[in-house]
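What follows is a single structure, written as structure tokens, with notes after it.
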């Protein structure tokens, strides 16, 4: 790590000194603020950031900008992914009363959704306790930006034994034009024993502003509970998106995650999951799709510390133009975590001469009676399959699209919210439509 | 040869064998029959020294030795052979080298000279004919990629090569078609002599059409509830186990 | 260590021969490190520590030409500016580089033939299982034996000489073939490469040099046994193998070291160069002292091995069986520069007690239609840690590159660790790169099955482990495979129940 004196860190210091009202108490903020004061950013010498340079990010300067208006039409457009859901909307980092469904509209008993500024008393304590009980292995500055400086975000809490029928759709929308600042929303999700919840986090932009989005999510899935957690990131090409998701899954709990990283200039997603009891499971799915100069970096960290837990990861990358994909996954099986079943797969498709992929699937195993396997592949489309389609009269571009869509669909078909599956597949198709056939 | 007295065995605190008695003399073939869960496989495993079984009381002596105190490989070297119900696959370990190693361990134990490669090869080729086994199976890893029938034949081949004094066949007939059954049984019959004995564990009578036993015992709920000659097996075939079980219960 | 019964076994029946290997394994039952003895021969050593003067003395002692002295000094000066790397998965006490001897050699001048070799030394080789005369006669293997630093015997030189093959200590090559050394030394592993390679470049004492002329197929396996003997002596071999156009050579390297309580550093460099249509097969069996059961003592093995497939259609194949050393840090690599060139890496790394191994390979695809294959079999037992770390890199100009990697781990007991860190860096869309890894254990069912056939538990584990690593053993020349399996069995003793 280097001592950074970049514009970005000057900017952070200004934020620290401002008199804004921050979401969390000193207990949560102080440790992060002291890290921020040092302003140390990871560099490529850090093993976890080997393939992802932050240089561009650090030279971004906030200038005058124009917050565009959010209109009903745009909201309806963004809601199409989840027409039947309870929707919470944040516009340019602020909770929007106008566009969010009112908390009283929640039909599920025992489910409460509270914007962070409204959080107080026992609920605030519980949210903070959830955060303080989570530790990141990749202790990077971005989670400290989120914890130390966030003014907004959500606390979602489900009581015991609740089967939540309606998924929660959280929309973070940027409407700004021109250069703008950053948002660092924090989401805290607690699903108590034997309850079931679905949450969709969607990041989008209406304007063309070069926003830096630095979300952090803290998730606790308690005994026997289930959380289906979807994340769709489709911000404009000027955006940088660096997110941290820290998940704890207790005994017999189940955490299912889908990540679709389809936008932004630079995307870095760090997903860390630890099991705090036996027989818990985690299922991770994801697609990262890059074009032009996009850089997409997915990091996963699975900590198996208890016996009989299972984890199953499947990530696929599609890289076109000059884009670059990174997958960096680690499965750690600690001593005594016998009967662990950990599977990890990463497949990558390179569609252009200048695209590149760096993948690093890793296993660290300290228990002998375990089933662990990983696999990674990198390649281009199967030329036999392409030819077969062409010989049936399908032109090369269409054949390429079909095969690439099919490559992504092997993951997206596991999305079990129909509207969301259709939305994601359509977004992937739309991105692929712009693909220039590589001159083979 | 083998003398089991009041053997009581439990698995994870659960009693399985509840006072079993059995005498096997040289040259005899004993069939042990019984419904599922009666303790047949437990008996085979305890006799061969598999871990995980707690002997609560009773004794088992083999050739005058205290069987229950011997390590599994020592029992094997003393001439006891278990044909596994589910033969184990051992990737990468060549079938032939495995068997040569086993034979020479046994020969060493007996104070005999170890067989060299050439003598061993001629022995194994001779015995393979007994079980009509394809020669290519010798080159494969132990039981890996073998069909169910090939695995069972491989068990009998090993038995033929190791030439045990007491062989326990644990449901060797399960999963075999009639041709394979005939071949396996034929192998056993050719190995029969006045010096060696067999304990044939089976659920069905059909194997006993091919391997004719001197005695048939019915195992139920951890005890031998009836012993007889081969006619008993036929009666069981005809009438099933229920009448015997009822008879045994009425005695209690 | 050659199994004598092999001679009577029919050569055409591999299965039978394999069974003799098992027999060899059985023969080895010593609980302690078998080669833990110290040879009592006169040693000549320079003072401890390292400065320019020591570097000059080493060079002068060997009557090296000016270019070598200069090269060493450049490396030394560079080294002084470097920091020792800290590796993420290795833990060890720091090496005090000022407390090492950088040169130690048997005092007498180099012998001209076997008859002149110090009888004490020959006995050492006997104990190691390298009976030179016997090998020469029976196995047709030419042996270039290195004790501590200086080659003491080279056999079959005349026969090789007739074909134009040069096989000699590198110190001799520097004098007799300076043009070849100058042309190739440091071209694959430059003196700036890494901390240990830099140190090696400054102080390397001896090692092997091989040159195979164009179109020549080396008729025998070339073999060299390394051995660390003197106390507190860093061992810095340097090996350079050049296979000229259309030639072929198979080179075997075996290593043993006597028991010591103090850690000893070993920082060798091996450079391979294959020109057009040439093939080099490099096999290693390494069983240096691994420390005792409490993890005290043992060799630090920090080795840089790299091959350059410089010509088109060239091929370099690394095979290694690593059972020794307290710490192994080693990544035999291939730079696939020539079009259609092929790189292979077959590895068995076994760790027991407190051993730590971090080993793997780098396959750098630069030419068109280059192919690489990685088969790695890690075996962890005791309280050891065993990591595969490998890089497959496909450069943007490397059209149609192919790689397949299989990296398996076998765990014996629940106190050890098995780790897999593959790095795949792909910059060309026509590449097809595939990495797979699995983890397994030695199952109780398998052990019982073998027990029931009369085989002891220790032998059973040895057999299962050898079976697991079979794909790699098959790459080794027969007698090396025998030795390797025997070593594995010895290394695993006491690891199961």
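Protein chains in written order, with my numbering: chain C, 1493 to 1932; chain L, 54 to 305; chain W, 109 to 605.
We treat Cβ as the ideally placed atom computed from N, Cα and C, and that holds for glycine.
- Less than 8 Å separates the beta-carbon of residue 540(W) from that of residue 1871(C).
- If you check each beta-carbon in the segment 468 to 493 of chain W against every beta-carbon of chain C, the ones closer than 9 Å belong to 488, 493.
- Ranked by how close their Cα comes to the Cα of residue 1791(C), the residues 1836(C), 1812(C), 1827(C), 1815(C) have 1836(C) in first place.
- Between residue 437(W) and residue 159(W), the alpha-carbon positions lie close to 26 Å from each other.
- At least one beta carbon of chain L lies nearer than 8 Å to the beta carbon of residue 554(W).
- For residue 311(W), the enclosing alpha helix (DSSP H) starts and ends at 303 to 311.
- The beta-carbon separation of residue 100(L) and residue 113(L), rounded to 7 Å, stays under the 8 Å limit for a contact.
- Only 1857, 1858, 1859, 1860, 1861, 1862, 1863, 1864, 1865, 1866, 1867, 1868, 1869, 1870, 1871, 1872 from the segment 1857 to 1883 of chain C bring a Cβ to less than 8 Å from some Cβ of chain W.
- Taking a C-beta cut-off of 8 Å against chain W, the contacting residues of the segment 1818 to 1846 of chain C are 1827, 1828, 1830, 1840, 1842, 1843, 1844, 1845, 1846, listed in chain order.
- Counting other Cβ atoms within 10 Å of its Cβ, residue 1909(C) reaches 16 or more and is therefore classed as buried.
- Residue-level contact check: residue 372(W) does not touch chain L, since none of the beta carbons of chain L fall below 8 Å from its beta carbon.
- Straight through space, the alpha carbons of residue 442(W) and residue 1756(C) are spaced by roughly 37 Å.
- Between residue 1563(C) and chain W, the shortest Cβ-Cβ separation is not below 8 Å.
- Of the residues 1800(C), 1865(C), 1807(C), 1642(C), the one whose Cα lies closest to the Cα of residue 527(W) is 1865(C).
- In the DSSP assignment, residue 1795(C) forms a beta bridge with 1766(C), 1824(C).
- Residue 1690(C) carries a strand assignment under DSSP once its states are collapsed to helix, strand and coil.
- Residue contact with chain W for residue 1853(C): present (Cβ-Cβ distance below 8 Å to some residue of chain W).
- Per DSSP, the unbroken beta strand (DSSP E) holding residue 107(L) starts and ends at 107 to 115.
- Following the DSSP letters along the chain, one finds residue 408(W) inside the beta strand (DSSP E) bounded by residues 407 to 417.
- Only those residues of the segment 530 to 557 of chain W whose C-beta falls short of 7 Å from the nearest C-beta of chain C are listed: 530, 531, 532, 533, 534, 535, 537, 538, 539, 540, 541, 542, 543, 544, 545, 546, 547, 549.
- Residue 1780(C) and residue 1644(C) have their C-alpha atoms spaced approximately 27 Å apart.
- The DSSP-derived three-state label of residue 1718(C) is strand.
- Nearest neighbour of residue 58(L) by Cα position, chosen from 111(L), 297(L), 281(L), turns out to be 111(L).
- Residue 190(W) is outside the set of residues whose beta carbon lies under 8 Å from a beta carbon in chain L.
- Counting only residues of its own chain and dropping the five nearest sequence neighbours on each side, residue 411(W) has a CB closer than 6 Å to the CB of 376, 438.
- For residue 152(L), DSSP assigns no beta-bridge partner whatsoever.
- Non-local beta-carbon contacts of residue 474(W) in its own chain, meaning distances under 8 Å to residues more than five positions away in sequence, involve 443, 444, 445, 503, 505, 506 in chain order.
- Here the alpha carbon of residue 205(W) sits roughly 40 Å from the alpha carbon of residue 512(W).
- Within the DSSP bridge table, the entry for residue 1809(C) names 1780(C), 1840(C) as partners.
- Listed along chain W is no residue with a C-beta nearer than 8 Å to that of residue 1743(C); the closest approach is about 21 Å.
- In the structure shown, the three-state DSSP call for residue 242(L) is helix.
- Using beta-carbon distances, residue 559(W) counts as an interface residue toward chain L, with a partner under 8 Å.
- If you draw a 10 Å sphere on the C-beta of residue 1657(C), you find fewer than 16 other C-beta atoms in it, and that means exposed.
- By the criterion of at least three beta-carbon pairs nearer than 8 Å, the segment 211 to 224 of chain L is not in contact with the segment 1915 to 1926 of chain C.
- In this structure, the beta-carbon distance from residue 565(W) to residue 555(W) falls below 8 Å.
- Against chain L, the CB of residue 597(W) has no partner CB under 8 Å away; the residue lies outside that interface.
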